[in-house]
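What follows is a short report on a single structure.
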Amino acid sequence: MALRKALSYSKKYTRPYTRRSSVKSKSYIKTVPNQKIPKFKMGQAKEYDAGKLKFVLKVLSGGDILMRDNAIESARQYIHKELEENILGGQYYFAVMVYPHHILRENKMLTGAGADRMQTGMQLSFGATIGRAAIIKAGQPVFTLAFADEKSRRIATSIVQKIKSKLPGHIRFLMEQLK
Numbered sequence: 082m083a084l085r086k087a088l089s090y091s092k093k094y095t096r097p098y099t100r101r102s103s104v105k106s107k108s109y110i111k112t113v114p115n116q117k118i119p120k121f122k123m124g125q126a127k128e129y130d131a132g133k134l135k136f137v138l139k140v141l142s143g144g145d146i147l148m149r150d151n152a153i154e155s156a157r158q159y160i161h162k163e164l165e166e167n168i169l170g171g172q173y174y175f176a177v178m179v180y181p182h183h184i185l186r187e188n189k190m191l192t193g194a195g196a197d198r199m200q201t202g203m204q205l206s207f208g209a210t211i212g213r214a215a216i217i218k219a220g221q222p223v224f225t226l227a228f229a230d231e232k233s234r235r236i237a238t239s240i241v242q243k244i245k246s247k248l249p250g251h252i253r254f255l256m257e258q259l260k
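Under this note's numbering, the sequence shown has 189 at position 108, and the numbering climbs by one with no breaks.
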């Protein structure tokens with residue numbers, strides 16, 4: 082089954098809705114989907130913390146968006162693979178800066194002839210869990226990349242330009258040079 086469109090979910094990206102019920106077991110999400118992002122920090126973390134990597138590239142969100150974990154993971158895999166292949170000596174640091182906490186739910190509905198007799202409609206429509214998403218504010222960094230030299234910075238900028246189609250919403254880039 083295909084993923085639901087993003088407009089199936091709330092336009093307000095504040096605190097997610099929490100159901101309150103007098104029956105305690107109905108107030109909680111019973112199953113949480115597995116984490117799809119296995120690594121959040123890759124590359125030379127010690128050199129980044131020591132300040133040896135001079136160029137920092139941040140991928141920022143252009144607006145308030147809800148970003149699914151599979152979109153984050155596909156962009157992470159592409160960036161990490163390209164960095165490993167193109168930057169000699171592994172002189173880079175790459176980190177995913179968001180964590181998908183928000184649980185996506187779906188009230189599954191039947192369609193077709195006779196479907197009206199087989200389902201309860203909106204009664205008890207809290208929904209079953211179908212995935213995770215990260216609630217991202219405007220200007221919040223999604224990925225952080227750091228490099229030691231100018232050549233690596235140019236390579237990384239071209240790699241990051243290619244992931245725009247994998248991520249929802251508007252994506253901006255911010256390049257900083259550390260002293």
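For glycine and all other residues, C-beta sits at the position ideal for the given N, C-alpha and C.
Contact set for residue i: own chain, Cβ-Cβ below 7 Å, skip 5 residues either direction
{"i": "Met-178", "result": "Pro-222, Val-223, Phe-224 and Thr-225"}
{"i": "Ile-244", "result": "Ala-156, Tyr-159 and Ile-160"}
{"i": "Gly-144", "result": "Ala-219, Gly-250 and His-251"}
Inter-residue spacing [alpha-carbon to alpha-carbon] between residue i and residue j
{"i": "Glu-128", "j": "Ile-184", "result": "35 Å"}
{"i": "Arg-253", "j": "Lys-135", "result": "20 Å"}
{"i": "Leu-141", "j": "Ile-217", "result": "10 Å"}
{"i": "Lys-162", "j": "Asn-188", "result": "37 Å"}
{"i": "Ser-155", "j": "Ile-110", "result": "26 Å"}
{"i": "Pro-114", "j": "Lys-260", "result": "43 Å"}
{"i": "Arg-149", "j": "Ala-131", "result": "32 Å"}
{"i": "Pro-181", "j": "Gln-242", "result": "23 Å"}
{"i": "Gly-171", "j": "Lys-122", "result": "14 Å"}
{"i": "Ala-152", "j": "Lys-133", "result": "31 Å"}
{"i": "Ile-118", "j": "Leu-84", "result": "18 Å"}
{"i": "Glu-231", "j": "Gln-116", "result": "35 Å"}
{"i": "Glu-165", "j": "Lys-120", "result": "15 Å"}
For residue i, three-class secondary structure by DSSP
{"i": "His-251", "result": "coil"}
{"i": "Lys-105", "result": "helix"}
{"i": "Ala-227", "result": "strand"}
{"i": "Gln-125", "result": "coil"}
{"i": "Gln-221", "result": "coil"}
{"i": "Tyr-174", "result": "strand"}
{"i": "Ala-209", "result": "strand"}
{"i": "Leu-141", "result": "strand"}
{"i": "Ala-83", "result": "coil"}
{"i": "Lys-162", "result": "helix"}
{"i": "Lys-241", "result": "Sequence inspection shows Val at residue 241; the Lys mentioned does not correspond to that position. Three-state result, Val-241: helix."}
{"i": "Arg-234", "result": "helix"}
{"i": "Arg-100", "result": "coil"}
{"i": "Ile-168", "result": "coil"}
{"i": "Ile-153", "result": "helix"}
Beta bridge counterpart(s) of residue i as assigned by DSSP
{"i": "Ala-215", "result": "Met-148"}
{"i": "Val-113", "result": "Note: Val-113 sits in no beta bridge, so no partner."}
{"i": "Glu-257", "result": "Val-137"}
Boundaries of the alpha helix (DSSP H) in which residue i is found, first to last residue
{"i": "Lys-135", "result": "Premise fails: Lys-135 is in no alpha helix (DSSP H) and is neither H nor E."}
Residues near residue i by beta carbon distance below 8 Å, same chain, minus five either side
{"i": "Ile-168", "result": "Phe-228, Ser-233, Ile-236 and Ala-237"}
{"i": "Arg-101", "result": "Ser-108"}
{"i": "Arg-186", "result": "Ile-110, Phe-207, Gly-208, Ala-209, Thr-210 and Ile-211"}
Continuous beta strand (DSSP E) stretch holding residue i: start and end
{"i": "Arg-186", "result": "183-187"}
Sequence-distant residues of the same chain with beta carbon closer than 6 Å to residue i, five excluded per side
{"i": "Lys-139", "result": "Pro-222, Thr-225 and Leu-255"}
{"i": "Gly-124", "result": "Tyr-173, Tyr-174 and Phe-175"}
{"i": "Ile-146", "result": "Ile-217, Pro-249 and Gly-250"}
Chain C contact for residue i (CB, 8 Å cutoff)
{"i": "His-251", "result": "Included in the structure is just one protein chain, with no chain C present."}
Heavy atom of the ligand GTP within 7 Å of residue i beta-carbon
{"i": "Gln-158", "result": "Looking for the ligand GTP in the displayed structure turns up nothing, as the structure carries no ligands at all."}
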